[in-house]
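Asker: One structure follows; several queries about it will come next.
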Amino acid sequence: MLTYHIITIGCQMNYADSERLASRLEENGYKKTDDKYGSDLVIVNTCGVRQSAENRIYGLIPKIKIMNPKVKVFLTGCLAERKDVKRRLKDYVDEWMTINKIFNPPAGRAGFQFSIFNQFSNLNFQINTKHVVNYLEVTPKYESKFSAFVPIGNGCDNFCSYCVVPYARGREVYRPAQEILKEVRGLVIKGYKEIILIAQNVNSYKSEKPPLNLPLVKGENVPLLTKEGSKGRLDFADLLKMVNDIHGDFWIRFLTSHPKDMSLKLIKTMAAGEKICRQVYLPVQAGDDAILKKMNRGYTADSYVKLVEKIRNGLNDKFPTRPNGHSSGRMTNDKKNAVVWNPPVGITTDLIVGFPGETKKQFNNSLKLFKEIKFDMAYISEYSARPGTAAFKLKDNVSREEKRRRKNELDKILRQSALANNKKYVGKTVRVLIEKETKAGEWFAKTATGKDIKIKNYELSITNLIGKFVEVKIAGAREFCLVGDLVNNKL
Ligand code: SAM
Ligand code: SF4
């Protein structure tokens, strides 16, 4: 039996794409191996968002080919159509193609897509040539047994001046709501506890057409369908409500949200949805209006600050009954159990330092915004010029040292705010989802607000808790991690 190994670099979309690729390979007789140097086929799913992600493949791919000259190397993802990358790796890569084209070949070439795998084997990949698919329809081979990424769309129409995504992944396309709901229902029936809806801008979701043929399940989403579904397209808030209405004990997360599409309706839907995690991943990218304009982001720093205020007020000031115990900022007495605290919404962001022409004064506005918002988490990137983007034509004139310095300064503020936010958890009991067991013999879990947590009180556990909800009493807070003890009453 031929073996395959997939190396995934980049964002959660790339991981979800790899899961679809894996399922196709296995349906067609390939077997997964963890040994990248001993595999018959190695697929590298690449990321071109930053030079640092791109650089990872330049050492890795030649090494794979040198260690195992018989291996077939297939390159997909963001870099699959970049001519300079093709030139650089031509001796080491056997086949290049974007994920979308693998599953959805250009007209007249139906059947081609899996012939690229057939070349490498005597297997005969079959595809349905009559039904040219949105590849997201392919049933994935989920990596996790309790948490699943569910892509609701792909691509981006926003053309932020620094970003390669609209070129690498193409224009926005969204999956029909019924297809998404079917995937989520299937996962919930299998016992999945965390559904993570993903897209480049998840909250820009628009169903392709009115979902009149949605399969109605008794008790789920009927009012919504008759009121809004018959009128027109669904937006992300509608979709989120429908996912929330699926019966079962599970959490819903979604990422990332574009500030321009974060509507009041969506905030209200989050506030009312008992399964919707109180975590918003809202990339700001810069705290200065002139830079935001040059980035083509479509909002100002002030409107971003006001939006976060709205989110916090909308989610923290209202206390709907939330059976899963995560309404915010309040104690709820969960009958036989300890008092469960519902933490305030966690806010995560992305920010780029050293965009072309960013002055120290403009950077100081990013610092000011960080101090004002008090983020729980932030991914701070040094600007990286990307071929083909509008900003590529601008002079990348902030030195590497200065970018690093700005990043460190922001990181300092982030650590202070994250620690202060985390300290609020100490002494409280919260509901968490156990993700894994660490080598040190601790459980590693996540709160509904997206906080990592290490659980020390290990000897109380008599069963494997991975993929289970438990209650934990928080004993300590670090900058990006909480520490707690299992509350034994549910085990
Ligand atoms: N769609 C999301 C949004 O609107 O912010 C972000 C998706 S983007 C693929 C992921 C992150 O990569 C961005 O939030 C940005 O901070 C970072 N990024 C994208 N292009 C970059 C570049 N040229 N240099 C540095 N960081 C970049
Ligand atoms: Fe890139 Fe902007 Fe689209 Fe996000 S919204 S994927 S940053 S172009």
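Every letter in the sequence shown is one number past the one before it in our numbering, and letter 296, counting from 1, is 296.
Cβ atoms here follow ideal geometry from the backbone N, Cα and C, with glycine treated the same way.
Where does residue 190 sit, in a helix, a strand or coil, going by DSSP?
Answerer: Here residue 190 sits in coil by DSSP.
Asker: Compute the Euclidean distance between the alpha carbons of residue 513 and residue 155, then round it to the nearest angstrom.
Answerer: The requested residue 513 is not part of the displayed model; the chain covers only 1 to 491.
Asker: Assuming residue 410 contacts residue 284 (C-beta within less than 8 Å), just tell me the rounded distance between them.
Answerer: Not a contact, Cβ separation roughly 11 Å.
Asker: Please report how far the alpha carbon of residue 183 lies from the alpha carbon of residue 243, in whole angstroms.
Answerer: 10 Å
Asker: Is residue 61 buried or exposed, if buried means 16 or more other CB atoms sit within 10 Å of its CB?
Answerer: buried
Asker: Less than 8 Å separating the beta-carbons of residue 21 and residue 46?
Answerer: no
Asker: Distance check for residue 453 and residue 481, CA to CA, integer angstroms please.
Answerer: 5 Å
Asker: CB residue 430 to CB residue 340, shorter than 8 Å?
Answerer: Against a cut-off of 8 Å, the Cβ pair of residue 340 and residue 430 comes out as a contact.
Asker: Per DSSP, what are the beta-bridge partners of residue 518 in this structure?
Answerer: Since the first and last residues shown for the chain are 1 and 491, residue 518 lies out of range.
Asker: For residue 196 and residue 148, which I take to be in contact (beta-carbon distance under 8 Å), what is that distance rounded to the nearest angstrom?
Answerer: With a beta-carbon spacing of about 7 Å, residue 196 and residue 148 fall inside the 8 Å limit used to define contacts.
Asker: Please confirm whether residue 468 and residue 485 have their CB atoms less than 8 Å apart.
Answerer: No, they are not a contact pair.
Asker: Starting from residue 15, trace the alpha helix (DSSP H) in both directions and tell me its first and last residue.
Answerer: 12-27
Asker: Indicate whether the contact test is met: 3 or more Cβ pairs, each with one atom in the region 389-398 and one in the region 309-317, closer than 8 Å.
Answerer: no
Asker: I need the boundaries of the beta strand (DSSP E) containing residue 74, first residue and last residue.
Answerer: 72-77
Asker: Suppose contacts are defined by Cβ-Cβ distances below 8 Å. Is residue 355 in contact with residue 260 by that definition?
Answerer: no
Asker: Rounded to whole angstroms, what's the CA-CA distance from residue 172 to residue 138? Just pull it up for me.
Answerer: 18 Å
Asker: Run the proximity test for residue 305: is its beta-carbon closer than 7 Å to any non-hydrogen atom belonging to the ligand SF4?
Answerer: no
Asker: In the DSSP assignment, what residue or residues form a beta bridge with residue 487?
Answerer: Answer by DSSP bridge pairing: none, since residue 487 is not bridged.
Asker: Do you know offhand how far residue 257's Cα is from residue 279's?
Answerer: Annotation: residue 257 to residue 279 spans about 11 Å, alpha carbon to alpha carbon.
Asker: Any contact of the region 14-30 with the region 343-360, i.e. 3+ C-beta pairs under 8 Å?
Answerer: no
Asker: How many Å lie between residue 282 and residue 1 at the Cα?
Answerer: 45 Å
Asker: Does the ligand SAM have even one heavy atom less than 7 Å from the beta-carbon of residue 384?
Answerer: yes
Asker: Measure the alpha-carbon distance for residue 40 versus residue 98 and round it to whole angstroms.
Answerer: Rounded to the nearest whole angstrom, the C-alpha separation of residue 40 and residue 98 is 20 Å.
Asker: Heavy atom of the ligand SF4 less than 7 Å from the Cβ of residue 392, yes or no?
Answerer: no
Asker: Less than 6 Å between C-beta atoms, sequence neighbours within five positions excluded: which residues of the same chain meet that for residue 85?
Answerer: 79
Asker: In chain order, what residues of the same chain have a beta carbon less than 8 Å from the beta carbon of residue 7, not counting five sequence neighbours either side?
Answerer: 36, 42, 43, 44, 45, 60
Asker: Taking the alpha-carbon positions, what's the residue 241 to residue 140 distance?
Answerer: 24 Å
Asker: Can you round the beta-carbon distance between residue 158 and residue 201 to whole angstroms, since I take them to be within the 8 Å contact cut?
Answerer: The Cβ separation is near 7 Å, so the contact holds.
Asker: According to DSSP, is residue 270 part of a helix, a strand, or is it coil?
Answerer: helix
Asker: In its own chain, which residues sit with a C-beta less than 8 Å from the C-beta of residue 58, not counting the 5 before and 5 after it?
Answerer: 88, 89
Asker: On a Cα-Cα basis, can you pick out the residue from 277, 299, 72, 443 that is closest to residue 342?
Answerer: Here the closest residue by C-alpha is 277.
Asker: Between residue 375 and residue 414, how many whole angstroms is the CB-CB distance? I'm expecting something under 8 Å.
Answerer: Sure, about 6 Å apart at Cβ, within 8 Å.
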